[in-house]
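A.B. asks: Numbered by mature numbering (1 follows the signal peptide of the UniProt record, and there is no 0), the letters in the sequence shown go through residues -29 to -1, 1 to 179 in order.
Built from N, CA and C at the ideal position, the CB exists for glycine as well.
In this text the structure is predicted, and so the values were computed from the model without any measurement.
Dropping a structure here in structure tokens format, bear with me for questions.
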Amino acid sequence: MRKIGQSAVVTALMLTCALTGSVMTPARASAQDSAGHRVAVVDVAYIFKNHAGIKSQVSKVESDLKAYETTLKGKRDELKTSAEQLKTFKVGTPQYAAQEEQVASLESKLRLDMARKRKELADAEAQIYFENYQRIAEGVKFLAQHYKVNLVLRYNSEDMDLEKGESVIRGVMKNIVYHDDSLDMTKGVMQYLDKFNTDVASRPAANR
């Protein structure tokens, strides 16, 4: 896939971020220019969970899995039928031997097919997260350079749920206890991804 040029992305995002104040207002940024190092935060997990483009890609993999499960059920039924037929033959007869070989062949093919499909789906999902994380990192870099941010920390905006032990543990283990909302560039990065996807969709298929 040919990498999309950033000129259109940069132009649109500079305008978008200036209008929405996704990271911090220009006035606040100007006031901090001489304040030494500046820090911002981004919730990567939130982006993966809520960005429409990423959700669509993951949904496609899940749909492929459901379609495969339907096919898998048919193959399992075929194997079950063959195994039931095996019981109707007398052990040691040519018919039993032939049916036993058929059952073994069906079972072997089913196991191999399942292993291949699991790997295919796992690779597809990994590719989605890999590519989108690269784009998220590019968005973070662009916004950080534009707003002269020296350091961007990853944080978790999830609220603790007392009814869910894992949620409480994640909340207690958060690295960032407090941050000013104006330092959160999560929405700006999501806008970056939106613009990237729009640019890709508008290009001829041969050039994507």
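Below 6 Å CB to CB, which residues in the same chain sit around Glu96 once its five sequence neighbours on both sides are set aside?
C.D. replies: As a first step, residue 96 must be located in the sequence shown, where it is residue number 125. Hits under 6 Å: Val32.
A.B. asks: Can you give me the Cβ contacts of Val148 inside the same chain, cut-off strictly under 7 Å, excluding the 5 residues immediately before and after it?
C.D. replies: Locating residue 148 in the sequence shown gives position 177, where the first residue counts as 1. So no residue of the chain qualifies.
A.B. asks: Does the count of Cβ pairs from the region 161 to 169 and the region 115 to 132 closer than 8 Å reach three?
C.D. replies: Contact between the region 161 to 169 and the region 115 to 132 is absent, because fewer than three Cβ pairs lie under 8 Å.
A.B. asks: Quick one: give me the first and last residue of the alpha helix (DSSP H) that Arg125 is part of.
C.D. replies: Residue mapping note: residue 125 aligns to position 154 of the sequence shown, counting from 1. Segment 122 to 125 is the beta strand (DSSP E) holding Arg125; no alpha helix (DSSP H) there.
A.B. asks: Can you tell me the Cα-Cα spacing of Glu55 and Val62, whole angstroms?
C.D. replies: On the sequence shown, position 84 is the one that residue 55 refers to. On the sequence shown, position 91 is the one that residue 62 refers to. Each residue's Cα considered, the two are about 14 Å apart.
A.B. asks: Mapping the DSSP letters down to three states, classify Val29 as helix, strand or coil.
C.D. replies: Counting from one through the sequence shown, the residue named residue 29 turns up at place 58. Here Val29 sits in helix by DSSP.
A.B. asks: Within 10 Å of its beta-carbon, does Thr(-5) have 16 or more other beta-carbons around it, so buried, or fewer, so exposed?
C.D. replies: Residue numbering aside, residue -5 sits at position 25 when the sequence shown is read from its first letter. In this prediction, Thr(-5) has a pLDDT of 49, which is less than 50 and means its spatial position is unreliable; what the coordinates show is noted afterwards. Its Cβ having fewer than 16 others within 10 Å, Thr(-5) is exposed.
A.B. asks: Thr41: buried (16+ other C-beta within 10 angstroms of its C-beta) or exposed?
C.D. replies: Locating residue 41 in the sequence shown gives position 70, counting from the first residue. Answer is exposed; the Cβ neighbour count stays below 16.
A.B. asks: Whole angstroms is fine: what's the gap from Tyr67's alpha carbon to Ala75's?
C.D. replies: On the sequence shown, position 96 is the one that residue 67 refers to. On the sequence shown, position 104 is the one that residue 75 refers to. Taking the straight line joining both Cα atoms gives about 12 Å.
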